Amino acid sequence: MKNQVGLDQEKSNRLAEKLNLLLADYMMFYINVRGYHWNIKGDKFFELHVKFEELYTNLILKVDEIAERIVTLGVTPKHSYSDYIRSSDLGEELNVSDGVQAVKNILSSYQLLLTKQREILALAADADDEGTNALMSDYIREQEKLVWMYSSFMGK
């Protein structure tokens, strides 16, 4: 059976399930970065405060894109914090004010997201889902560059 965009419904449901888990991770990442932005202290305050704002602004756009992709596949996106907390592999990072720790957390979060997005990319290819494929491919390319930049900040 085909869904509204002509994809196999069973494969789309499996993709949407993975995208819902990714959505939960993005929401947790978003709220963690908001906390870093609000609580950052120290000699790199001005630089990191701006960087964290850029990051959380980018993350909330991706949250919307992922949720809309789930709807496009014919499934309802999760939309409660209790779902996100229960489903996310990222934990809450509370009261992080140290810039180095915040950047370490960001790099760790990207490692998780990149792994999941590559898995979704493979599933999307198997389902002939070019829309999800393109979304994940764009995210991976952008985030690999951000990992390089944040790693460079850390002196790695």
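Take the sequence shown: its letters are residues 1 to 156, numbered as in the UniProt record's numbering.
Here a beta-carbon is modelled for each residue, glycine too, at the ideal position from N, C-alpha and C.
Note that this is a predicted model, so its numbers are computed, not measured.
query: Cβ neighbours of residue 24 in the same chain (closer than 7 Å, five flanking residues each side left out); result: 78, 83, 84, 87 and 88
query: Where residue 2 sits in the DSSP three-state scheme; result: strand
query: Three-pair Cβ contact test at 8 Å for the segment 15 to 22 versus the segment 118 to 125; result: yes
query: Integer-rounded CB distance, given that residue 96 should sit under 8 Å from residue 155; result: Wrong, their Cβ atoms sit about 19 Å apart, outside the cutoff.
query: Residue 200 - containing alpha helix (DSSP H), residue span; result: Any property of residue 200 remains undetermined from this structure, which presents the chain solely from 1 to 156.
query: Between the CA atoms of residue 74 and residue 4 - distance to the nearest angstrom; result: 7 Å
query: Integer-rounded CB distance, given that residue 26 should sit under 8 Å from residue 59; result: 6 Å
query: Burial state of residue 141 (16 or more Cβ within 10 Å); result: exposed
query: Distance between beta carbons of residue 143 and residue 113, contact taken as under 8 Å; result: 7 Å
query: Pairwise C-alpha distance: residue 80 and residue 98; result: 29 Å
query: Where residue 83 sits in the DSSP three-state scheme; result: helix
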